[in-house]
Amino acid sequence: MLQQKQLVTEQVRHISLLEQQQQLVNQRINELGQSIEILHAQGSQSDQQFELEAQITNNNVLKHHCTRLADKNYELETALKESQILLKNTRDTAQQQTSMLFDVQNSHTE
2 MLQQKQLVTE QVRHISLLEQ QQQLVNQRIN ELGQSIEILH AQGSQSDQQF
52 ELEAQITNNN VLKHHCTRLA DKNYELETAL KESQILLKNT RDTAQQQTSM
102 LFDVQNSHTE
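Residue 95 in the working numbering sits at position 94 of the sequence shown; the count goes up by one each step and never skips.
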């Protein structure tokens with residue numbers, strides 16, 4: 002009878018230890034689940050940060066292209082103004098030469 006009582010006591014103690022271990026395992030599972038959630042959130046933040054850095058890089062490239070286009074536009078506007086001045090000067094010279102030619106022709110016919 003004493004042996005049975007000791008055996009039952011040992012089994013009860015063993016069951017109690019198993020229950021404690023099960024609680025620790027469950028607690029650890031919950032902690033790991035929380036850690037996984039945190040890692041997913043951090044991964045999502047890393048993805049967002051990577052996307053933002055890519056957008057910043059793209060914006061810098063676009064800014065560089067816009068600056069180059071603005072410089073080219075300024076060069077073209079300057080060249081256009083110079084061409085317009087040359088065209089006006091050429092027209093003025095042509096009108097002066099035409100007037101002088103008419104004057105010369107008129108003086109010969111008189």
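Idealized CB from N, CA, C, for every residue including glycine.
Pull up the distance between the alpha-carbon of Ser-45 and that of Ile-37, whole angstroms please. Indexing the sequence shown from 1 puts residue 45 at position 44. Indexing the sequence shown from 1 puts residue 37 at position 36. If I take the Cα positions, the gap works out to 12 Å.
Over what stretch of residues does the alpha helix (DSSP H) that includes Met-2 continue unbroken? For the purposes of this step, residue 2 is taken as residue 1 along the sequence shown, with counting starting at 1. Note, Met-2: premise wrong, no alpha helix (DSSP H); not H, not E.
Tell me the rounded alpha-carbon separation between Ser-100 and Ala-80. As a first step, residue 100 is located in the sequence shown; it is residue number 99 there, counting from the start. As a first step, residue 80 is located in the sequence shown; it is residue number 79 there, counting from the start. Distance between the alpha carbons of Ser-100 and Ala-80: 30 Å.
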